[in-house]
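Read through the structure below, which is laid out as C-alpha cells, and then see the notes.
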Amino acid sequence: MIGDKSVILFDGVCNLCNSSIDFVLKRDKKNRFLVGALQSEKGTKLLSRFDSNPEYLDSLVLIEKDQIYFRSTAALRIAKKLTGLWPLLYGIIIVPAILRDAVYDWIGKNRYRWFGKKNTCRLPSPAEKAKFL
C-alpha cells in the first residue's frame, strides 16, 4: 500500500495482464489502486519488502495495508473494490484457494500462448500516469 492506495503488480509483457489492468483502471472510480509491472524497478523493490522473489512473474500481486496477496485471492480482492456488479465475484472467496488457484494457474501457464506477449513492458498513457507507480 502506498498512502491510502492498494498496489497491483502485474506481468507487464503479458497481453492478458495488460488487458486486465485496463479493465481495472476503467472501473476504479474511487481511485483506490496504483498499478505497476512486476518487472519494473519499483515492482521488484515492493516485492522484496515482503520476502517475495523479486523475479516472480507468475501471478497478479495485490498489496494492501502491509499485506500481500497472490493469484485468485488478489484478483477477487481487486474485484471487491471495483464499481458495478464486479464486487459480487468476491463471493467466490468461499471456494478453497487450492481449487481457485488451480484454475488461475492453468490460465496463467497458457496466457502467452492464448493471448500473446509484448517485447517490452507497457508504458502508461499520459492520462494513466497518476495511476502507475
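Here the working numbering is used: the first residue of the sequence shown is 624, the next is one more, and so on.
Note that CB positions come from ideal geometry on N, CA and C, so glycine has one too.
Predicted, not measured: the structure shown is a model, and the values here were computed from it.
Burial state of F673 (16 or more Cβ within 10 Å): So F673 counts as exposed.
When DSSP builds the beta bridges, which residues end up paired with G659? L632
Neighbourhood of Y727 by C-beta, 6 angstroms cutoff - its chain only, sequence neighbours within 5 removed: R694, S695
Determine the direct distance from the alpha carbon of I686 to that of F656, and round the result to whole angstroms. Looking at the backbone, the Cα of F656 and that of I686 are separated by about 10 angstroms.
Residue closest to K688, alpha-carbon to alpha-carbon, out of S629, K653, V636: S629
Report back the beta-carbon spacing between F633 and S642 to the nearest angstrom; my notes put them in contact at under 8 angstroms. Contact flag wrong, Cβ pair sits at about 10 angstroms.
Reference P747; option with closest CA among I625, G635, V718, I730: Out of I625, G635, V718, I730, G635 has the C-alpha closest to the C-alpha of P747.
How about L648 and K754: are their beta carbons less than 8 angstroms apart? yes
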